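Asks: Each protein sequence line maps, in turn, to chains L and S. Each number in the numbering used here comes from the position in the first sequence (counting from 1) with 2 added on. Take the second sequence: its position 31, counted from the start at 1, is 18 in the numbering used here, and no numbers get skipped. What follows is a single structure, and I will ask about it in a moment.
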Amino acid sequence: MVEILKNMFRRKTRTILTISGITIGIFAFVVMGSMAEKINLLVSGGTKYYKDKVIVSDKSGNAFMGAPLSIEKVKDIEKVEGVQVVQSDVTVMLEDLGTVNFGVPPMIIGSDNKGASLESFKVEIVKGKELKPDDYGKVQIGSDLVKKLNAGVGKKIKIKGKEFEVKGIMGKTLTAPDNEVFMTLRDAQEIYHDTLPQVIQSQVKPELLVTDFTVYAKKGVDPNELAKKISKEVAGVKGEGPKAFQDQVASATGILNSILFGIAAISLLVGGLSIINTMTMSIAERTKEIGIKKAVGAKTRNIMTEYLTEAGLIGFFGGVIGWALGAATVVLINNAMEASGNVIFLLTTRISVFAIAFAVILGVLAGIYPAYHAVRINIVKALREE
Amino acid sequence: MAETIIKLNRISKTYIIGTRKNASRAQKAIQKLHKSYEDECEKEDLKCKKDTEDLLEKVQELFSKEKYEESYKTVTGKTLKSRPKDRGAVVHALDNVTLEIKKGDLVAIMGPSGSGKSTLLNMLGLLDSPTAGLIYLKGMNVTGIKSKKLPEIRSNDLGFVFQSFNLIPSLTALENVMLPLKYAGIKPQKRKEMAKKALESVGLGDRLDHTPNELSGGQGQRVAIARSVVNNPAIIFGDELTGELDTKMTKEVMGLIQNLNSKGQTFIIVTHNPEVAKMCKRTILMLDGKVDKDHTNGKK
């Protein structure tokens, strides 16, 4: 091993430049991969949340961004066959559009919580207590918003210009609820009412406003079929089941993931090619040495192992440095963004292990051609080289 | 009677350059005949052995006289059409060389440039394979031996010392000497002890951690000798090993070789230097790929 390390650093600049190539590739992989991991978790959380329910919204809006709807629609939806419970919700953005957001923007969620007992997606309260439907003036906030809202249990915080008391802080789910403020339906209705244009405000009462309904299906009823039925039987609304989420969000995420990993793959390909180049050069320079080693009894596998280990070590060093830089970048950006409630990276063990292992494997694979070339060197010709 | 370490039987090494198709076919036919000699006649069938040996002698003679069509016909019975338009050359680097090296020999191979002495050394050292002929190492036919087995043979039985020492510059003297032991699969601690002992035996016990750049020419060559003897090989080959040394250092290195030879180590040295040859027990003079003279020194 000492000999291999000595060989590696005989041409320091060249080796360092090659390691830098891998470092850039792995850095890109760690950063992009961490972003993809975060997005994937958001999507997987969404998939879990939407898997057994139907979101009903105004025909002109969509399930994930509310447009005003009358609460009176509950009665019509309840009449549809297969519906067990209809929960009224108000979903409003915590901030006005204009800030750059990766993933789900911070949201205010108000709900009458009628479907609480049927909800399969449970969120733990780590500090304080769970919000009750009559806890007016109180909120329960997601873990990523604690810093942004300077929140603590019992503390007063301002949301959309109104003061609320923090009743509970939710545990990390690594998905949408981490970026959400939960409040009673009435409080959310008032906030939503204030966001509407003056002309509309004067025509509707806040307590009649909702942005969507969460419909829980009866046992054995397919939520996608129920969504179609609601759209057909209830005027002015559309129901969207788990398939709609898959179609609108999950597939788009797949493309985004491919782009992110594609960028990292290109960087790594360049790094791999630079290893091939370095190792080929290095073998050309050491032809005589290979001849000497063969003359004193080196077997094919000895030569192969030496050069593959050297290439693997270049990959390993590049991998570790790239991972360290990537991890540092992810942590720094996450810390900086935490204050705005916009955590965009999630560096998982999976990404870390894969990044380093992949760098080593890439190094070894890139070393195969030069090492194969080394073992085929003719001893007599090699020994004649000056 | 000393044991035969290495034996060459009708070794030829021919390089065919360009499109000399008849030469190439005749060469293949001779190679086939050698293989049949090796595979079939070696099973104690003396008549077959004698017949094939006679045939081999005849066809190799014809081949070396560039009578390729006749050589081919003698082996196969088939006629090759003349190819006057074929271009290229046939170089007979070694031509039907038969040689025997005994245990404890100290042989100098001499001859002018291009006489085939280095090619002969490469054959003896199993660094190159012959076009025709058989090589026996300690009684074992190693001519057609699979290349996978060659490293093991080199590791256990053969040692090399080269003109420009051929030490690995990034390794210390000790690490250079440890190299053959590493490839022989000897454990690190044992390797270190053996290499240290070998370096002490060549008077470099105080230069273990010096790299080749920090050693003089004579010291470098002594490290190379230590590397060649460390695994106690049956035979050591030296290719112009004093070529880059001055008279004083040449004497010093040759003195060391004579000393090792007196303890039973066999050496074959290719040299241009008559003084070096004089210090050897036997001299083989090569000329045009053939053994021109082979005599024990003092008995010409």
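Ideal Cβ positions, reconstructed from N, Cα and C, are used throughout, including at glycine. Small disclaimer: the values here were computed from a predicted structure and weren't measured.
Going by DSSP, what residue range makes up the alpha helix (DSSP H) through Gly146 of chain S?
Replies: Segment Leu145 to Phe149 is the beta strand (DSSP E) holding Gly146 of chain S; no alpha helix (DSSP H) there.
Asks: Determine, for Ala297 of chain L, whether the minimum Cβ-Cβ distance to residues of chain S falls below 8 Å.
Replies: By this cut-off, Ala297 of chain L is an interface position.
Asks: Check each residue of the segment 145 to 161 of chain S: if its Cβ is closer than 7 Å to any Cβ of chain L, include it; give the result in chain order.
Replies: Within the segment 145 to 161 of chain S, the qualifying residues are Phe147, Phe149, Asn153, Ile155, Ser157 and Leu158.
Asks: Helix, strand or coil for Ala65 of chain L per DSSP?
Replies: Here Ala65 of chain L scores only 48 on pLDDT, less than 50, and its place in the model should not be relied on; the value that follows carries that caveat. Of the three classes helix, strand and coil, the one that applies to Ala65 of chain L here is coil, per DSSP.
Asks: Over what stretch of residues does the beta strand (DSSP E) that includes Gln86 of chain L continue unbroken?
Replies: Here the beta strand (DSSP E) through Gln86 of chain L covers Val85 to Met95.
Asks: Does DSSP put Thr198 of chain S in a helix, in a strand, or in coil?
Replies: Reduced to three states, the DSSP call for Thr198 of chain S is coil.
Asks: My assumption, with CB atoms under 8 Å, is that Lys8 of chain L sits in contact with Ser157 of chain S. Please give the rounded CB distance.
Replies: Correct: roughly 5 Å between the Cβ atoms.
Asks: In three-state DSSP terms, what is Gln288 of chain S?
Replies: Lying outside -12 to 287, the shown extent of chain S, residue 288 of chain S is not represented and no answer is given.
Asks: Going by other Cβ atoms of all chains shown within 10 Å of its Cβ, with 16 needed for buried, is Asp279 of chain S buried or exposed?
Replies: With fewer than 16 Cβ atoms within 10 Å of its Cβ, Asp279 of chain S is classed as exposed.
Asks: CB Val183 of chain L to CB Ile127 of chain L, shorter than 8 Å?
Replies: No, they are not a contact pair.
Asks: Can you tell me where the beta strand (DSSP E) holding Ala219 of chain L begins and where it ends?
Replies: Segment Asp214 to Ala219, the beta strand (DSSP E) holding Ala219 of chain L.
Asks: Whole angstroms is fine: what's the gap from Gly120 of chain S's alpha carbon to Gly5 of chain S's?
Replies: Each residue's alpha carbon lies about 23 Å from the other.
Asks: Could you tell me if Asn248 of chain S is buried or exposed, where buried requires 16 or more neighbouring beta carbons within 10 angstroms of its beta carbon?
Replies: Counting Cβ neighbours within 10 Å, Asn248 of chain S comes out buried, since at least 16 surround it.
Asks: Helix, strand or coil, according to DSSP, for Phe166 of chain L in the structure here?
Replies: Strand, per DSSP.
Asks: Would you mind stating whether Ile(-2) of chain S and Pro117 of chain S have Cβ atoms separated by less than 8 Å?
Replies: Yes, they are a contact pair.
Asks: Just the C-alpha distance for Val206 of chain L and Asp78 of chain L, rounded to the nearest angstrom, thanks.
Replies: Cα-Cα distance, rounded: 20 Å.
Asks: What does Asn336 of chain L touch in chain S if you count any residue whose Cβ is under 7 Å from its own?
Replies: Near Asn336 of chain L there are no residues of chain S at all, since even the closest Cβ is about 44 Å away, more than 7 Å.
Asks: Rounded to the nearest angstrom, how far is the Cβ of Gly205 of chain S from that of Val240 of chain S, given a contact under 8 Å?
Replies: Yes, they are in contact, since the Cβ atoms of Gly205 of chain S and Val240 of chain S sit about 6 Å apart, within 8 Å.
Asks: Against chain L, does Arg214 of chain S count as a neighbour if the rule is that its beta carbon must be under 8 Å from one of theirs?
Replies: Output row for Arg214 of chain S: interface = yes.
Asks: Closer than 7 Å by C-beta to Ala65 of chain L: which residues in its own chain qualify, once you throw out the five before and the five after it? Chain order, please.
Replies: Note that Ala65 of chain L scores a pLDDT of 48, beneath 50, so its modelled location is shaky and nothing firm can be said.
Asks: Comparing alpha-carbon positions, which option in L:Val366, L:Phe29, L:Lys157 and L:Val332 lies nearest Leu315 of chain L?
Replies: Selected option, being the one with the closest Cα: L:Val366.
Asks: How far does the beta strand (DSSP E) with Lys277 of chain S in it extend, from its first residue to its last?
Replies: First-last of the beta strand (DSSP E) with Lys277 of chain S: Lys277 to Thr283.
Asks: Under the DSSP definition of a beta bridge, which residues are partnered with Ile171 of chain L?
Replies: Its beta-bridge partners are L:Lys129 and L:Ile143.
Asks: Does the Cβ-Cβ distance between Gly23 of chain L and Ala266 of chain L come in under 8 Å?
Replies: Against a cut-off of 8 Å, the Cβ pair of Ala266 of chain L and Gly23 of chain L comes out as no contact.
Asks: Ile17 of chain S and Val62 of chain S look like a contact to me (Cβ under 8 Å); what is the Cβ gap, rounded to whole Å?
Replies: Between Val62 of chain S and Ile17 of chain S the Cβ distance is about 6 Å, and since that is below 8 Å, they are a contact.
Asks: Please report the straight-line C-alpha distance between Ile335 of chain L and Leu120 of chain L, rounded to a whole angstrom.
Replies: Approximately 38 Å between the Cα atoms of the pair.
Asks: Going by beta carbon distance, what residues of the same chain come within less than 7 Å of Arg188 of chain L, once the five residues before and after it are set aside?
Replies: Closer than 7 Å at the Cβ level, and outside the excluded window around Arg188 of chain L, lie Tyr138 and Glu209.
Asks: Between Thr350 of chain L and Glu39 of chain L, is the Cβ-Cβ spacing less than 8 Å?
Replies: For Thr350 of chain L and Glu39 of chain L, yes; Cβs fall inside 8 Å.
Asks: Report the partner residues of His259 of chain S according to the DSSP bridge assignment.
Replies: According to DSSP, His259 of chain S bridges with nothing at all.
Asks: Flag this pair as yes or no: are the beta carbons of Val94 of chain L and Val76 of chain L separated by less than 8 Å?
Replies: No.
Asks: Relative to the C-alpha of Val189 of chain S, which residue among S:Ser11, S:Asp73, S:Ile212 and S:Asp226 is closest?
Replies: Nearest C-alpha to Val189 of chain S: S:Ile212.
Asks: At 7 Å on the CB atoms, spell out the chain S contacts of Ala300 of chain L, in chain order.
Replies: Ordered by position in chain S, the residues that pass the 7 Å Cβ test against Ala300 of chain L are Pro138 and Tyr170.
Asks: In terms of alpha-carbon separation, which member of S:Gly276, S:Asp275, S:Gly251 and S:Lys277 lies closest to Leu268 of chain S?
Replies: In the sequence under discussion, the amino acid at residue 268 of chain S is Lys, which differs from the Leu named in the question. It is S:Gly251 whose Cα lies nearest to the Cα of Lys268 of chain S.
Asks: Tell me the residue span of the beta strand (DSSP E) that contains Thr197 of chain L.
Replies: Where Thr197 of chain L is concerned, there is no enclosing beta strand (DSSP E), although the alpha helix (DSSP H) it sits in stretches over Leu187 to Thr197.
Asks: Can you check whether the C-beta of Pro167 of chain S is within less than 8 Å of a C-beta belonging to chain L?
Replies: Yes - at least one Cβ of chain L is within 8 Å of the one on Pro167 of chain S.
Asks: Say whether chain L places a C-beta atom closer than 8 Å to the C-beta of Glu232 of chain S.
Replies: Rather than Glu, the amino acid found at residue 232 of chain S in this sequence is Leu. No, Leu232 of chain S does not count as interfacial toward chain L.
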